[in-house]
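Residue numbers (our numbering): 83 to 194.
(1) Given this structure, state the Cα-to-Cα distance separating residue 154 from residue 120, to the nearest angstrom.
(2) Inspect the beta-carbon positions of residue 157 and residue 177 and report whether they are closer than 8 Å.
(3) Helix, strand or coil, according to DSSP, for residue 150 in the structure here?
(4) Whose C-alpha, out of 170, 163 and 180, is nearest the C-alpha of residue 112?
(5) From the DSSP output, read off the bridge partner residues of residue 120.
(6) Mind checking which residues open and close the alpha helix (DSSP H) that includes residue 110?
(7) With respect to the beta strand (DSSP E) encompassing residue 171, which residues constitute its N-terminal and C-terminal limits?
(8) Taking the straight line between their C-alpha atoms, what separation do you get for residue 123 and residue 115?
(9) Given that a residue counts as buried once 16 or more other Cβ atoms are within 10 Å of its Cβ, and exposed if not, what is residue 90?
(10) Quick one: Cα of residue 195 to Cα of residue 99, how far?
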């Protein structure tokens, strides 16, 4: 499944890559790449499907245990460049523009 937003991001990344194909190596050393990831603490945040016989919906073999309200998650943010990797940060709350600037403001390892 791809949303319109994902398609727009894909086109933007492709345009960026094509625009910078001929950059000299020294220019690439100036780029800092970053990303964040969310890890579900209890299982995956997805739908589960089971095969069952008629009138056997509540048989324990056909049920999947769950935790109310999903059980939570952990969000991490990290970065890297041509010179190496940056620090991994645990993010609490929503990663908005202000938090992104605050995390990015932490001292990076020497030369990064």
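Glycine is no exception: its CB is placed at the ideal position from the N, C-alpha and C atoms.
Values in this document were obtained by computation on a predicted structure and should not be read as measured data.
On the basis of the coordinates in this document:
(1) Taking the chain shown and counting its residues from 1, one reaches residue 154 at position 72. Taking the chain shown and counting its residues from 1, one reaches residue 120 at position 38. The alpha-carbon atoms of residue 154 and residue 120 are separated by roughly 10 Å.
(2) Stepping through the chain shown from its first residue, residue 157 is reached at position 75. Stepping through the chain shown from its first residue, residue 177 is reached at position 95. A contact, by the Cβ cut-off of 8 Å.
(3) Counted from its first residue, the chain shown places residue 150 at position 68. Three-state DSSP puts residue 150 in a helix.
(4) The sequence position of residue 112 within the chain shown is 30, counting from 1. The candidate whose alpha carbon is nearest that of residue 112 is 163.
(5) To locate residue 120, count along the chain shown from 1; it is residue 38. Per DSSP, 157.
(6) One-based indexing of the chain shown puts residue 110 at position 28. 107-110 is the extent of the alpha helix (DSSP H) around residue 110.
(7) As a working mapping, residue 171 is identified with position 89 in the chain shown. Start and end: 171-173.
(8) Taking the chain shown and counting its residues from 1, the one referred to as residue 123 is at position 41. Taking the chain shown and counting its residues from 1, the one referred to as residue 115 is at position 33. Between residue 123 and residue 115, the C-alpha separation is close to 26 Å.
(9) Numbered from its first residue, the chain shown carries residue 90 at position 8. The residue in question, residue 90, is exposed, as its Cβ has fewer than 16 Cβ neighbours within 10 Å.
(10) Nothing about residue 195 can be reported from this structure: the residues present for the chain run from 83 to 194 only.
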